[in-house]
Amino acid sequence: MIFPALELVWSPTGAGSVVNGHSWPIGGTHELGPRGLTFGIEGDVRLRYPPPTEAGREICKVERRGDRLVLWQFQKRFRCAVNGRDVHETELELHHRDLITMPKGPVLRVLEAPVAHVRSPTLEAAIRANPNDRELTKVYSDFLLDHGDPLGERLAKPGAGDAATWLDVLAAHYEGSRLEIEWQHGLATRVVLRDALGKNFTTLEDVLEHLAGLPVMRFLRDLTLDVASAGLAVSDGLHALAAVALPPTVQRLSLGDVHEHHRERVTRQLDAAPGKVDVGFYRDAVIEVLACARRPDEGGFVRGAKIEIGRHLYLGETETMSLLNENVVFGGSHLVSYEGGRYVIAAIGESVELPKVNGRPADRIPLRDGDLVEIVGELTGRFTLLR
1315 MIFPALELVW SPTGAGSVVN GHSWPIGGTH ELGPRGLTFG IEGDVRLRYP PPTEAGREIC
1375 KVERRGDRLV LWQFQKRFRC AVNGRDVHET ELELHHRDLI TMPKGPVLRV LEAPVAHVRS
1435 PTLEAAIRAN PNDRELTKVY SDFLLDHGDP LGERLAKPGA GDAATWLDVL AAHYEGSRLE
1495 IEWQHGLATR VVLRDALGKN FTTLEDVLEH LAGLPVMRFL RDLTLDVASA GLAVSDGLHA
1555 LAAVALPPTV QRLSLGDVHE HHRERVTRQL DAAPGKVDVG FYRDAVIEVL ACARRPDEGG
1615 FVRGAKIEIG RHLYLGETET MSLLNENVVF GGSHLVSYEG GRYVIAAIGE SVELPKVNGR
1675 PADRIPLRDG DLVEIVGELT GRFTLLR
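Heads up: the sequence shown runs through residues 1315 to 1701, numbered per the working numbering.
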């Protein structure tokens, strides 16, 4: 193999892709060559978009420019993401192991040199038995480095800031606050996955299988699949857990929180499940005010107030006009609403700044108990389920 090259990490169908008329299987690599590779309905790598009726049938190109690797984007409508973050620039420099996500798939990894993927059953068994032993992790890191596995470098430098590059198609979940991970020595120990299907998956089994197969998940201990946030039922979560082999280190499984009126049915399902799975129940939800820019006489809230959400709650000062009906004016710039068994926060109108959830901008994200919600310049509060 001649480098630089691209590795096909994931495709929407699971069947790989086609490059210059030849099959490109998942896990396979293809060199960039002197001309690079174009992507689109008439690109070197064939995609099912943009539509043939549109001008410009290639959406992007990856090529070498001197000693640099560059992603060129040709269209405003179809934009790629790199390492889980949307790219708005026309030109972006790429680096070794960067993830490129096409707007509707596939996902590719930039390789500037060969990489290996190795395992050590003996060392991994020792780490499973002693998960907090840092010296064992260092020995494992040295073993991986000696065999050319990049995971060894991550374990040696766990704070390098490259977490998203290890999550493949789930990188966008991570950067969009839909995948929360607690790390220890560069490896995942606790995972909370909300809105699991996102734009890329059709079944929870697919998501779970992909998550469990990531090298950084080998020693995972605590897993929460928030099924309600994805519009799914507890039975869907139980079926997925039964169908997918999880790392043997997993000690706690949870399917998140569901409304109290499902308690009887869900309890029966959990009792019939082969292993222990936790589910929480709630009856309502509030936003507990931590800070507010406006006083109560200005339409604000006092610190410590608990605002009931009910079916919906408007937050923020701006009165936003409906795009569909100019006679309809909303009483705030942001909306928390109960829909499909989940509470979702969203900005109203394209000119409104996105809300922040746990410090990250996020729109239309399902909320979880304890989330820190911020309407920038207006209000900071804690989303809390009442049990």
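Glycine included, each C-beta is placed from N, C-alpha and C at the ideal position.
| Is Ser1491 buried or exposed, if buried means 16 or more other CB atoms sit within 10 Å of its CB? | buried
| query | Count the other CB atoms within 10 Å of the CB of His1626; is the residue buried (16 or more) or exposed (fewer)? | reply | exposed
| task | Please work out which residues of its chain come closer than 6 angstroms, Cβ to Cβ, to Pro1500, disregarding the five sequence neighbours upstream and downstream, and give them in chain order. | result | What sits at residue 1500 in the sequence shown is Gly, not Pro. These residues qualify, in order along the chain: Arg1468, Leu1469, Pro1472.
| said: With DSSP as the reference, identify every bridge partner of Val1505, one or two as the case may be. | reply: Ile1495, Leu1537
| task | Would you mind giving the Cβ-Cβ distance between Leu1385 and Leu1351, rounded to the nearest angstrom? I have them listed as a contact below 8 angstroms. | result | With 8 angstroms as the limit, Leu1385 and Leu1351 do not qualify as a contact, their Cβ atoms being about 11 angstroms apart.
| If you draw a straight line from the C-alpha of Leu1484 to the C-alpha of Arg1582, how long is it? | 32 angstroms
| Local Cβ density within 10 Å of Asn1397, reported as buried at 16 or more and exposed below that | buried
| Exposed or buried, Ala1586, counting other C-beta atoms within 10 Å across all chains shown (16 or more means buried)? | exposed
| said: On the DSSP letters alone, give me the boundaries of the beta strand (DSSP E) that Thr1517 sits inside. | reply: Looking at the DSSP string, Thr1517 is not in any beta strand (DSSP E), and its letter there is neither H nor E.
| query | Straight-line CA distance for Met1635 to Ala1660? | reply | Caution applies to Met1635, whose pLDDT of 46 falls short of 50 and renders its modelled position unreliable; the value that the coordinates give is listed next. When rounded, the distance between both Cα atoms is 15 angstroms.
| message | Count Cβ pairs between the segment 1503-1513 and the segment 1684-1699 that sit closer than 8 angstroms; are there 3 or more? | response | no
| query | Whole-angstrom Cβ separation of Arg1411 and Thr1343, contact assumed at under 8 angstroms? | reply | With a Cβ gap of about 13 angstroms, Arg1411 and Thr1343 do not count as contacting.
| query | If we count the other Cβ atoms within 10 Å of its Cβ and call it buried at 16 or more, is Lys1375 buried or exposed? | reply | buried
| message | Which same chain residues end up closer than 8 angstroms to Met1315 when comparing Cβ atoms and leaving out the 5 residues on each side of it in sequence? | response | Thr1343, Glu1345, Pro1428
| message | In this structure, how does DSSP classify Gln1565 when only helix, strand and coil are distinguished? | response | coil
| request: List the DSSP bridge partners of Asp1571. | output: Gly1594
| Residue closest to Ile1621, alpha-carbon to alpha-carbon, out of Thr1436, Ser1651, Gly1594 | Ser1651
| request: Note down, in chain order, each residue of its chain lying with its Cβ closer than 6 angstroms to the Cβ of Pro1339, except the 5 sequence neighbours on either side. | output: Gly1330
| request: For Tyr1596, I'd like the list of residues in its chain whose CB is within less than 7 angstroms of its CB, leaving aside the five on either flank, ordered along the chain. | output: Asp1571, His1573, Glu1574, Leu1699, Leu1700, Arg1701
| task | Apply the 10 Å Cβ neighbour rule to Phe1317 and answer buried if 16 or more other Cβ atoms are within range, or exposed otherwise. | result | exposed
| Where does Arg1696 sit, in a helix, a strand or coil, going by DSSP? | strand
| request: Using 10 angstroms around the beta-carbon of Glu1489, count the other beta-carbons present and answer buried if the total reaches 16, otherwise exposed. | output: buried
| query | With respect to the beta strand (DSSP E) encompassing Ala1544, which residues constitute its N-terminal and C-terminal limits? | reply | Looking at the DSSP string, Ala1544 is not in any beta strand (DSSP E), and its letter there is neither H nor E.
| Going by Cα to Cα distance, which pick from Leu1629, Val1580, Leu1493 is closest to Arg1674? | Leu1493
| query | Would Asp1520 pass as a contact of Leu1413 if the rule is Cβ separation under 8 angstroms? | reply | no
| query | Are there three or more Cβ pairs, one per stretch, closer than 8 angstroms when the segment 1413-1422 is compared with the segment 1433-1447? | reply | no
| message | According to DSSP, Gln1387 sits in a beta bridge with which residue or residues? | response | Cys1374
| query | Under the three-state reduction of DSSP, which class applies to Ile1316: helix, strand or coil? | reply | coil
| request: Spell out a yes or no on whether the segment 1450-1464 and the segment 1509-1517 are touching, meaning 3 or more CB-CB pairs, one atom from each, closer than 8 angstroms. | output: no
| query | Are there 16 or more other CB atoms within 10 angstroms of the CB of Leu1518, so buried, or fewer, so exposed? | reply | buried
| said: Let me confirm a value: Thr1538 is counted as buried when at least 16 other C-beta atoms fall within 10 Å, else exposed. Which label applies? | reply: buried
| On the premise that Val1603 lies in contact with Gly1695, defined as a C-beta separation below 8 angstroms, what is that separation, rounded to the nearest angstrom? | 5 angstroms
| query | Under the criterion of a Cβ to heavy atom distance below 7 angstroms, does Leu1450 qualify as lining the ligand PLP? | reply | Ligands displayed in this structure: none; no statement on the ligand PLP is therefore possible.
| Span of the beta strand (DSSP E) around Gly1354 | 1351-1354
| query | Where does Tyr1454 fall in DSSP's three states? | reply | helix
| What are the residues that DSSP puts in a beta bridge with Lys1620? | Glu1602
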